[in-house]
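If you're matching positions, the sequence shown starts at 1 in full-length UniProt numbering and goes up one per residue.
Idealized CB from N, CA, C, for every residue including glycine.
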Amino acid sequence: MIERVCIIGGGVIGSLFAGHLAQVADVSVLTRRREHADALNAEGLRVTGRSDLHAAVTASHDPSQLPPFDLGIVATKATGLEQAAAALEGRFPGATMMTTLNGLGAEEVVRAHGGWPIISAVTFMSGTRHSDTHVEYILDTETWLGPYEDTPFERVQEAAALIARAGLEVEALPDLRPAQWSKLIFNATVNSVAALTGLPHDRHFAAEEHAADLGHLVHDLVDEGKAVAAAAGIELHDDPWQMNVLATRRGSAHYPSMLEDVEAHRPTEIDLITGALVREAQRHGVDVPLHTALYRLVKAKEDSWS
């Protein structure tokens, strides 16, 4: 039974998991900064928007100070994954780790630092971080879970049941790869285009009425990604183009984290997202000139301020 959960990474997704799961489990949070942990310990964690919660959590920037836990939810950004996984090495031998990062390859990074059973996950939840202790829950969409390597499916179902009891949308899948690839193609397309245009994810991404409309490029990028998935033998869980269209009809523009990173001159997650798709395309002999161009342009943007 899962009674103790550690959220590894206190950003938007980590905070949404922490605030909700604290209603049904003992929750600790591993933060990157000491002052973040101090604020959480002193004030608790507030979730507004789709939920209205105020959760008490135990937080630390030092993994040696964390209590034991049954489930660790790795919710760092890709740029902080290696450091977080290395900090956990040799600790918490009885835990199961669940990765929630965008893109492909997070599980391999965690596996390199420990033999924990691993659950793969992709989430469509989104929110806005107002402070170290306050996150606004904006999109209450699903999180999909699946086993990685030989992790028993029963363990995946147990984690999904806990997340559902916390009031979050969740589905356990015997094979997560179709869902991972749907999200990969969606993110590789939307995040890169947003980062390069400065546009939030809004109606422009689905518009195809006129020759100059951005939706034509977005659709072509999705089709490139679908060709890679087909070559890899993946039958997609959802059509990334329809995912894009439905998201733009929700009425509020969403700012992808890659756009926020570019505007703040921070390293992006491009290597784990678009970079992963480009590498898979090369591995399967599929030409993806549009995704390759976006990958190189975002990398060049990073170089411009580094």
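Check	Outcome
For M1, count neighbouring C-beta atoms within 10 Å of its own C-beta (all shown protein chains included) and say buried if the count is 16 or more, exposed if not.	exposed
Where does R296 sit, in a helix, a strand or coil, going by DSSP?	helix
Compute the distance between the beta-carbons of L66 and S28, then report whether it is under 8 Å.	yes
Can you name, in chain order, every residue of its own chain whose Cβ lies under 7 Å from the Cβ of F186, other than the five neighbours on each side?	P240, M243 and N244
What residues in its chain sit with their C-beta under 7 Å from that of I13, if we drop five residues either side in the sequence?	A75, T100, T123 and M125
Tell me the rounded alpha-carbon separation between G44 and P289.	47 Å
Looking only at DSSP bridge pairs, what is E171 linked to?	W144
Provide the residue span of the alpha helix (DSSP H) that contains R279, from first to last.	T274 to R283
Please work out which residues of its chain come closer than 7 Å, Cβ to Cβ, to A227, disregarding the five sequence neighbours upstream and downstream, and give them in chain order.	V286
Going along the chain, which unbroken runs of the alpha helix (DSSP H) with 4 or more residues stay wholly within the UniProt domain "Ketopantoate reductase N-terminal" (5-149)?	12-21, 34-43, 78-88 and 106-111
For the segment 153-166 against the segment 16-24, do three or more pairs of beta-carbon atoms, one drawn from each stretch, fall closer than 8 Å, so that the two count as touching?	yes
Can you give the Cα-Cα distance for T151 and P117, rounded to whole angstroms?	5 Å
Which residue wins for smallest C-alpha separation from V135, given the options V190, A194, D52 and A172?	D52
Note down, in chain order, each residue of its chain lying with its Cβ closer than 7 Å to the Cβ of A39, except the 5 sequence neighbours on either side.	D132 and T133
Of all the alpha helix (DSSP H) runs that stay within the bounds of the UniProt domain "Ketopantoate reductase C-terminal" (175-302), which reach a length of 4 or more residues?	177-197, 214-231, 240-248, 257-263 and 274-283
Who are the near neighbours of W181 in its chain, counting only those whose CB is closer than 7 Å to its CB and skipping five residues on each side?	A229, I234 and L236
Where does I163 sit, in a helix, a strand or coil, going by DSSP?	helix
From Q23 to A55, what distance separates their C-alpha atoms?	7 Å
In angstroms with no decimal places, state the Cα-to-Cα distance between R296 and P68.	42 Å
Taking only the alpha-carbon atoms, compute the straight-line gap between L104 and H61 and give it to the nearest angstrom.	26 Å
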